[in-house]
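Reading through the structure tokens given below for one structure.
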């Protein structure tokens, strides 16, 4: 396992969390819960962007692991 | 006409009449909340009984009496709604029996209750020590309402400063294998959603005896076939677990990397995620 693949795995989990939060925001009936799920989905979105950027950096530094 | 036919027709007729009367007078009549309803309830019942079985009695006189009693009760209810004084007079007021933890003997005497009767009423509310009670009222219908001292009340999440997520009432959307469309609409879902959820659980609609959906959109079902194990909804606890795992991963990356800029980025996001977890925990637990 390389660093890049670890970070990629983390990114995939983050993406899963984001989509689950969005679906919970849609399915919940309570307004407060809806808002909380929606807000946190947006926060997770920013973390996702940072990680994606980091993966690009890692791939540029270690091109031999690209795509793995 | 033989006597028994007479009784059957009268019984049916009076059943209908009593049903209509109580329907008009409403829930209050059935629960006999006030003194007036109590008296009217007894009288209407006994008039009906008398007329149904008494063959020589006049049918119309009996009906008239019931209608009069119903009308007067209705009128009293109507006036009680509009005048507080009138309702105090007809329905009676509660009497304070215990105030500031002390029994008010004068009020007890006024209501002609003995201390034994009061302790019985308290015991029915699981209170065995009078000293635990801050305030108690004898309601007009003879039941006792008691407020315990703050330290003797059950602990609530508010007392320990816990934040709890608000939950809406669950909707029963499947009964006896039939879809309740109205409840489904209340839950903000459609039949397509329901079929998908049932497929996820791996059960058919015919096999479901009872299906309920909570305010997070989790479906729980009870099947006719009790041997089949149905998976419990676990999406939210699982989501919390994966949030925690990701947070730990980010912390790990921030320790492992040597690039200062990335270190700061990982640290910032780990903190952000921790904040998110704290915010979501009340909604994701249970």
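Chains as they are written, first to last, in our numbering: chain A, 167 to 234; chain B, 48 to 333. Glycine included, every Cβ here is placed at the ideal spot set by N, Cα and C.
- [ ] Under 7 Å between beta-carbons, which chain A residues line up against residue 264 of chain B? List them in chain order, please.
- [x] 193 and 194
Open item on the list: At the 8 Å Cβ level, is residue 213 of chain A part of the contact set with chain B, yes or no?
Closed with: yes
Open item on the list: Check whether the segment 117-131 of chain B and the segment 99-109 of chain B are in contact - that is, three or more C-beta pairs closer than 8 Å.
Closed with: no
Open item on the list: What are the residues in the segment 281-298 of chain B lying within 9 Å of chain A by C-beta distance?
Closed with: Cβ contacts with chain A: 282, 283, 285, 286, 289, 290, 292, 293, 296 and 297.
Task: Endpoints, the beta strand (DSSP E) within which residue 73 of chain B is located - done: Where residue 73 of chain B is concerned, there is no enclosing beta strand (DSSP E), given that its DSSP letter is neither H nor E.
Open item on the list: Per the DSSP calculation, residue 56 of chain B is bridged to which residue(s)?
Closed with: Paired residues: none, contrary to the question.
Open item on the list: Am I right that residue 256 of chain B and residue 270 of chain B are in contact with their C-beta atoms under 8 Å? What's the rounded C-beta distance?
Closed with: Taking a contact as a CB-CB distance under 8 Å, the pair residue 256 of chain B and residue 270 of chain B counts as one, their CB atoms being some 6 Å apart.
Open item on the list: Rounded to whole angstroms, what is the Cα-Cα separation between residue 317 of chain B and residue 213 of chain B?
Closed with: Approximately 28 Å between the Cα atoms of the pair.
- [ ] On the DSSP bridge assignment, give the partners of residue 146 of chain B in chain order.
- [x] Its beta-bridge partners are B/149 and B/182.
Open item on the list: Using the three-state DSSP reduction, which class does residue 234 of chain B fall into: helix, strand or coil?
Closed with: coil
Open item on the list: So, at 8 Å on beta carbons, what are the nonlocal neighbours of residue 217 of chain A in its own chain, with the 5 sequence-adjacent residues on each side left out?
Closed with: 173, 176, 177 and 180
- [ ] Taking all protein chains shown into account, decide if residue 263 of chain B is buried (16 or more other Cβ within 10 angstroms of its Cβ) or exposed.
- [x] buried
Task: As assigned by DSSP and simplified to three states, the class of residue 186 of chain A - done: helix
Task: Rounded straight-line distance, which links the Cα of residue 186 of chain A to that of residue 207 of chain A - done: 9 Å
Task: Listed by chain order, chain B residues near residue 221 of chain A by CB distance under 8 Å - done: Within chain B, no residue comes near residue 221 of chain A; the closest Cβ sits about 11 Å away, beyond 8 Å.
Open item on the list: I want to see whether chain A comes within less than 8 Å of residue 257 of chain B, judged by CB atoms only; does it?
Closed with: no
Open item on the list: For residue 94 of chain B and residue 248 of chain B, what's the separation of their Cα atoms in angstroms?
Closed with: In a straight line, the C-alpha of residue 94 of chain B is about 57 Å away from that of residue 248 of chain B.
TODO: Give the straight-line distance between the Cα atoms of residue 300 of chain B and residue 222 of chain A, rounded to the nearest whole angstrom.
DONE: 16 Å
- [ ] Please report how far the alpha carbon of residue 243 of chain B lies from the alpha carbon of residue 252 of chain B, in whole angstroms.
- [x] 11 Å
Task: Closer than 7 Å: residue 103 of chain B CB and nearest the ligand ATP heavy atom - done: Of ligands this structure carries none, so the ligand ATP is not represented either.
Task: Same chain, Cβ closer than 6 Å to residue 231 of chain A, neighbours up to 5 away in sequence not counted - done: Taken in chain order, the residues that qualify are 168 and 170.
- [ ] Check whether the Cβ of residue 327 of chain B lies closer than 8 Å to any Cβ atom in chain A.
- [x] yes
Open item on the list: I'd like to know whether the C-beta atoms of residue 152 of chain B and residue 142 of chain B end up nearer to each other than 8 Å.
Closed with: no
Task: Residue closest to residue 183 of chain A, alpha-carbon to alpha-carbon, out of A/192, A/211 and A/202 - done: A/211
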